[in-house]
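Working notes, structure below.
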Ligand code: ATP
Ligand code: MG
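Residue numbers (the working numbering): 65 to 516.
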């Protein structure tokens, strides 16, 4: 236990609503601790994303303490205390992964073959709760009764040394819940921590266990990896720990085939600009994210279809559908994101026809904004001429009459031709322009734009 005077956490850094919940539980006679990522982040001097609370009060007892409280969850029964937009999650202490001989079928099920925990709802005390948490850095408890930090697993030392270390036997902990592989990659990226050698060692060999994780849960994890402001670092982590082929097989295959190709460039630029947007507090969407991730594989498949004699628009559409279909089996991207993604990509060839009213009607398409943001990214990656993107940037600033004049100026022959799927002719053109001192995609390169 680390006394109040010996750690840096102060109540001023804790959300007032979280403090209210902690005090109310304490005043009702229960133990109440801030726990998990928020304690870790406070020790690091980082603003926590959310504040989770652990208590010895049972879910029903928590509900009786708070009017603004709902019980949720099947696998874990949790209480959500609502304060306007802010939700404080309150969990009852649970017992750690018990050895098989004391497994109580009513409360906890371990799949014998895989060691995976299927259900886990047996309540316990704080000194049991700590052992079922994943990393030592995530297993610290801040006690509202005396402002001390309870540190059973030497988490404070690991936080100070910036080391990510699984509690217990790493292989067993990964087998219990393979999502911990992704969490290791995510925390390494997000916190800049080094993985402890024993935590790192089994990762690549156990990566195939991710195939047994429900696709909906992998979607949630993918969003945490890529839409929390550290997409570039997460992507690097996933590659380093050899998890990418499990999560995004088509992306891994594309990068293996063309590590420096235009699609790889678009991916790198898209992830970097997603991080910038998060930092600037601008909207990011799964639609744009998956467009950025999957564009390379889609282009490659579309090019194959064109080479086999299919017309380009149809090839692009079919390639998009095929790549999406394979991806959603692994990571369940909901239809409300894949449908706009499909539209966004299928609109891309239309940017290349600038003559006539049909070009202008694109400006009024419900997906214009997202499609235009993606066009900027393609230009930046050298997949289309920068001049095409700046034309679409400028046309938006003109009045209706000026726009008509502008498209009338363009004879049909002057509009850019169809996109070549591998970007070859475009690259040549772009290089010429660069030497001329132009270049740059223009705009803000708005990755993960408000597409949905
Ligand atoms: P973030 O900053 O991303 O919110 P976090 O550490 O708070 O990080 P959460 O996913 O919010 O992560 O989980 C809260 C806490 O619950 C963790 O700190 C950890 O103690 C525990 N936990 C979450 N997921 C797992 C898991 N799969 N296995 C074991 N413990 C977990
Ligand atoms: Mg959290």
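For every residue, glycine included, the Cβ atom is placed at its ideal position computed from N, Cα and C.
Treat the numbers as computed from the prediction; the structure is a model and nothing was measured.
Is residue i near the ligand ATP, in the sense that its beta carbon is under 7 Å from a heavy atom of that ligand?
| i | result |
| --- | --- |
| residue 264 | no |
| residue 243 | yes |
| residue 301 | no |
| residue 100 | yes |
| residue 134 | no |
| residue 79 | no |
| residue 203 | yes |
| residue 339 | no |
| residue 197 | yes |
| residue 247 | yes |
Residue i: buried (16+ other C-beta within 10 angstroms of its C-beta) or exposed?
| i | result |
| --- | --- |
| residue 490 | Reliability fails at residue 490, whose pLDDT of 44 lies under 50, so the model's placement of it is uncertain and the value that follows must be treated cautiously. Buried. |
| residue 78 | buried |
| residue 310 | buried |
| residue 234 | buried |
| residue 556 | Absent from the model: residue 556. The displayed extent of the chain is 65 to 516, so no value can be given. |
| residue 255 | buried |
| residue 247 | buried |
| residue 428 | exposed |
| residue 473 | exposed |
| residue 104 | buried |
| residue 515 | The predicted model places residue 515 with a pLDDT of 38, which falls under 50 and marks its position as unreliable; any figure quoted below should be read in that light. Buried, since its Cβ has 16 or more Cβ neighbours within 10 Å. |
| residue 200 | buried |
| residue 123 | buried |
| residue 390 | exposed |
| residue 412 | buried |
| residue 393 | exposed |
| residue 87 | exposed |
| residue 369 | buried |
Cβ of residue i within 7 Å of any heavy atom in the ligand MG?
| i | result |
| --- | --- |
| residue 325 | no |
| residue 345 | no |
| residue 254 | no |
| residue 288 | no |
| residue 193 | no |
| residue 113 | yes |
| residue 116 | yes |
Taking DSSP as the reference, what is the three-state secondary structure of residue i?
| i | result |
| --- | --- |
| residue 345 | coil |
| residue 238 | helix |
| residue 260 | coil |
| residue 87 | helix |
| residue 150 | strand |
| residue 37 | With the chain running from 65 to 516 in the structure shown, residue 37 is simply not present. |
| residue 286 | helix |
| residue 481 | Because the pLDDT at residue 481 is just 47, under 50, the model does not fix this residue reliably, and the value given afterwards should be weighed accordingly. Three-state result, residue 481: coil. |
| residue 227 | strand |
| residue 421 | helix |
| residue 397 | coil |
| residue 447 | coil |
| residue 68 | helix |
| residue 415 | helix |
| residue 501 | In this prediction, residue 501 has a pLDDT of 37, which is less than 50 and means its spatial position is unreliable; what the coordinates show is noted afterwards. Three-state DSSP puts residue 501 in coil, outside helix and strand. |
| residue 145 | strand |
| residue 213 | strand |
| residue 156 | strand |
| residue 140 | coil |
Go to residue i, then tell me how far its beta strand (DSSP E) extends in each direction, as first and last residue.
| i | result |
| --- | --- |
| residue 116 | 116-119 |
| residue 392 | Looking at the DSSP string, residue 392 is not in any beta strand (DSSP E); the run it does join, the alpha helix (DSSP H), is 376-394. |
| residue 126 | Careful: residue 126 lies outside any beta strand (DSSP E), inside the alpha helix (DSSP H) at 123-129. |
| residue 205 | 205-207 |
| residue 99 | 96-99 |
| residue 135 | 133-136 |
Residue i and residue j look like a contact to me (Cβ under 8 Å); what is the Cβ gap, rounded to whole Å?
| i | j | result |
| --- | --- | --- |
| residue 237 | residue 198 | 7 Å |
| residue 330 | residue 445 | 4 Å |
| residue 158 | residue 188 | 5 Å |
| residue 116 | residue 155 | 7 Å |
| residue 381 | residue 410 | 6 Å |
| residue 263 | residue 239 | Not really, about 14 Å apart at Cβ, beyond 8 Å. |
Could you give the residue range of the alpha helix (DSSP H) that holds residue i?
| i | result |
| --- | --- |
| residue 432 | 432-444 |
| residue 455 | 450-459 |
| residue 301 | 295-304 |
| residue 268 | 267-270 |
| residue 534 | Look at the range of the chain in this structure, 65 to 516, and you will see that residue 534 is not part of it. |
| residue 309 | 308-311 |
| residue 244 | 243-255 |
| residue 464 | 464-473 |
| residue 190 | 190-193 |
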